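What follows is a short report on a single structure.
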Amino acid sequence: MRLVVMRHADAGDPDPARWPDDRERPLTEQGRREHAQVAAALRRAGLGVDRILTSALARARETAAITARAYGGAPALEESELLGDRAEPARIVAALARVEKGSLLCVGHEPTLSRLVAVLISRDGSARVEMRKSGVAVIDFAGPVEAGRGVLALHLGPAELTRLVGGGPAAEPSPELFLGSVTAYQRSAAIRGALDLDLFTAVGAGADTAAALAERCQATPRGIRILCDYLTAAGLLIKAGDRYRLTADSAAFLDRRSPACVASAADFMYSPEIREAFSDVAAAVRRGGTVLPAGGTVAPGHPVWVRFARAMAPLMRAAARAVVDTVPVDAERPLRVLDVAAGHGMFGIAFVERYPRAEVTALDWPAVLAVARENAAAAGVAGRHRTIAGSALEADLGGPHDLVLIPNFLHHFDPPTCERFLARVRAVLVPGGRAVAVEFVPDEGRVTPPPAAMFALVMLCTTDTGDAYTFAELDGMFRRAGFSTCVLRTAGPAGPQIVISER
Numbered sequence: 002m003r004l005v006v007m008r009h010a011d012a013g014d015p016d017p018a019r020w021p022d023d024r025e026r027p028l029t030e031q032g033r034r035e036h037a038q039v040a041a042a043l044r045r046a047g048l049g050v051d052r053i054l055t056s057a058l059a060r061a062r063e064t065a066a067i068t069a070r071a072y073g074g075a076p077a078l079e080e081s082e083l084l085g086d087r088a089e090p091a092r093i094v095a096a097l098a099r100v101e102k103g104s105l106l107c108v109g110h111e112p113t114l115s116r117l118v119a120v121l122i123s124r125d126g127s128a129r130v131e132m133r134k135s136g137v138a139v140i141d142f143a144g145p146v147e148a149g150r151g152v153l154a155l156h157l158g159p160a161e162l163t164r165l166v167g168g169g170p171a172a173e174p175s176p177e178l179f180l181g182s183v184t185a186y187q188r189s190a191a192i193r194g195a196l197d198l199d200l201f202t203a204v205g206a207g208a209d210t211a212a213a214l215a216e217r218c219q220a221t222p223r224g225i226r227i228l229c230d231y232l233t234a235a236g237l238l239i240k241a242g243d244r245y246r247l248t249a250d251s252a253a254f255l256d257r258r259s260p261a262c263v264a265s266a267a268d269f270m271y272s273p274e275i276r277e278a279f280s281d282v283a284a285a286v287r288r289g290g291t292v293l294p295a296g297g298t299v300a301p302g303h304p305v306w307v308r309f310a311r312a313m314a315p316l317m318r319a320a321a322r323a324v325v326d327t328v329p330v331d332a333e334r335p336l337r338v339l340d341v342a343a344g345h346g347m348f349g350i351a352f353v354e355r356y357p358r359a360e361v362t363a364l365d366w367p368a369v370l371a372v373a374r375e376n377a378a379a380a381g382v383a384g385r386h387r388t389i390a391g392s393a394l395e396a397d398l399g400g401p402h403d404l405v406l407i408p409n410f411l412h413h414f415d416p417p418t419c420e421r422f423l424a425r426v427r428a429v430l431v432p433g434g435r436a437v438a439v440e441f442v443p444d445e446g447r448v449t450p451p452p453a454a455m456f457a458l459v460m461l462c463t464t465d466t467g468d469a470y471t472f473a474e475l476d477g478m479f480r481r482a483g484f485s486t487c488v489l490r491t492a493g494p495a496g497p498q499i500v501i502s503e504r
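Residue numbering for the sequence shown follows this note's numbering, starting at 2 and increasing by one per position.
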């Protein structure tokens, strides 16, 4: 049995003046156009649909009708109050359990659909899967629909889906994707230049003309005008007349005055070491691994990891908190945490911040641990933060530990190395203790979701043997290392993918 869960397309915001009954609010014109592309992409991807079940609200009915048309009108289309905007997932699951075979597409609303998907793919409903407008989640069952028995085969937003599969069937061939890709370095360089000039912070502080920005950033008005126009065309600024302002995303994440600012991540992502690794992809493909010397970024004590620790801490703070939210812990008991390849230390620090009885031991190279200690002190938890200096593959892991955190580590190595390491982790866990790995986990076909699928190339270019592993591959590694259970949790569409294994 296959269940396809789809959120309705864009319908704008509620407007009581136009639609006193919000149930009759229709899709926007843009929503109709974009969803027609999404539906066409679904069909082009070979995703069969036997029947469509939709909420009775106008925006869902329209979405379902557009989808049915993309399939030539073949799927039967039915309305159901079960899928309304206040529907209960438990009632939906009970109704769907009566469907024994085939492929059923359900069109509905948030937050019901996210909760429904969570219940279907995790017994405790703890999975975090956010459904964007026109977004799709494909869930497979060995038998009838049943809570906790589903396997999330695909989860994509509309842009990802149409980009991956292609838009409407009548689309003409275009070099646009190729040209945009081979000139993408220009966009990266423009953003890096803006960050070096602190331009986003200057705009946020009120310098909104080329002249004012030139004075603030110590640049020429001509140069500022050209750069700001480029960033506007790229979607990072807004221009009205000759004045610029930040987009909501830029204000949150690129203005250094914002507590959510992640601009420092560019210091690592655009670093000389990482750019050198991508300088000859063809050579890496021929070799089957990095062209960098000494095994690439996994060389003992590689200086790039100090840069990583300093640059990536702000970006990883939210991911670390998502891991804490996803991994249940008894707050009344002491908690001993080992944070392997801790880097900035944010994952371990997040547990210590949340749980007053928790203590964390961070393991990494000595120079990297200096950064983790700084972050622990800044968080006010230095008294419960200890360190072990050395290689995660060789150092004494101490113990016993209740939790071993393994954030962004396994993908740097081949499966045999990972299994030997995981066996060492298991040995220092208490009975019932858990290993929690944060990974880029592609689906079985290895081309979705795009960020995880594309991450494999990062490993090819920066390591000798690393890869982005599917959940089946990770599950096999953990089980061969002696772990009894292994589950995958995803904290939202942009959140971390978390593999939790019990000793």
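Virtual Cβ for every residue (Gly too), placed ideally from N, Cα, C.
Note that the structure is a prediction, hence the values are computed from the model and not measured.
- Around the beta carbon of E360, a 10 Å sphere encloses 16 or more other beta carbons of the protein chains shown; the residue is thus reported as buried.
- About 12 Å separates the CB atoms of A261 and G205; that is not less than 8 Å, and the two are not in contact.
- In the structure shown, S104 falls within a strand segment according to DSSP collapsed to helix, strand and coil.
- Counting the other CB atoms within 10 Å of its CB gives K102 a total below 16, which places it among the exposed residues.
- Around the beta carbon of M455, a 10 Å sphere encloses fewer than 16 other beta carbons of the protein chains shown; the residue is thus reported as exposed.
- Excluding its 5 nearest sequence neighbours in each direction, F254 has C-beta neighbours in its own chain below 8 Å: A261, C262, V263 and A264, listed in chain order.
- Between V6 and L114, the gap from beta carbon to beta carbon is short of 8 Å.
- Residues V204 and G205 of the same chain have their beta carbon placed closer than 6 Å to that of L247, with the five preceding and five following residues left out of the count.
- Nearest C-alpha to R34 among L54, L48, M2 and R70: R70.
- Taken in chain order, the whole alpha helix (DSSP H) runs of length 4 or more contained in the region 291 to 372 are 305 to 327 and 347 to 355.
- Cα atoms of S272 and D468: separation of roughly 21 Å, rounded to the nearest angstrom.
- Contiguous beta strand (DSSP E) elements confined to the region 59 to 121 occur at 77 to 80 and 104 to 109, taking only those with 3 or more residues.
- Of the residues G296, A12 and G477, the one whose Cα lies closest to the Cα of T464 is G296.
- Boundaries around Q498 are those of the beta strand (DSSP E), Q498 to E503, since no alpha helix (DSSP H) includes it.
- Minimum Cα-Cα distance from A37 among the listed residues P17, S135, A95 and A88 corresponds to S135.
- Assignment of P443 by DSSP, reduced to helix, strand and coil, places it in the coil class.
- Per the Cβ contact rule, the region 441 to 452 is not in contact with the region 382 to 390 (fewer than 3 Cβ pairs under 8 Å).
- Counting only runs of 4 or more residues that sit fully inside the region 382 to 449, the alpha helix (DSSP H) segments are 416 to 428, in chain order.
- Taking 8 Å as the cut-off, the Cβ atoms of L404 and V353 do not count as close.
- By the Cβ criterion, the region 184 to 194 is not in contact with the region 147 to 162, since fewer than three pairs of Cβ atoms, one from each stretch, lie closer than 8 Å.
- From the listed residues R193, V459 and R435, the smallest Cα separation to I275 is found for V459.
- Approximately 5 Å separates the beta-carbon atoms of A191 and Y231; this is inside 8 Å, confirming the contact.
- Annotation: A393 to P329 spans about 25 Å, alpha carbon to alpha carbon.
- CA-CA distance, A65 to V130, rounds to 21 Å.
- Shown here, V263 sits in coil according to DSSP, grouped into three states, outside any helix or strand.
- Per DSSP, the beta-bridge partners of C487 are S502.
- D16 and V372 have their C-alpha atoms roughly 50 Å apart.
- Secondary structure of V137 (DSSP, three-state): strand.
- Within a 10 Å sphere around the beta-carbon of T221 sit fewer than 16 other beta-carbons, which makes this residue exposed.
- A straight line joining the alpha-carbon of I140 with that of L4 spans about 5 Å.
- Residue environment for P443: buried (at least 16 other C-beta atoms within 10 angstroms of its C-beta).
- CA-to-CA, the gap between S189 and L196 works out to about 11 Å.
- The DSSP-derived three-state label of M132 is coil.
- Taking each of R60, E25 and L238 in turn and checking the Cα distance to Q31, the smallest one comes out for R60.
- The beta carbons of G483 and R425 sit no closer together than 8 Å.
- Counting along the chain, H156 sits inside the beta strand (DSSP E) bounded by residues V152 to L157.
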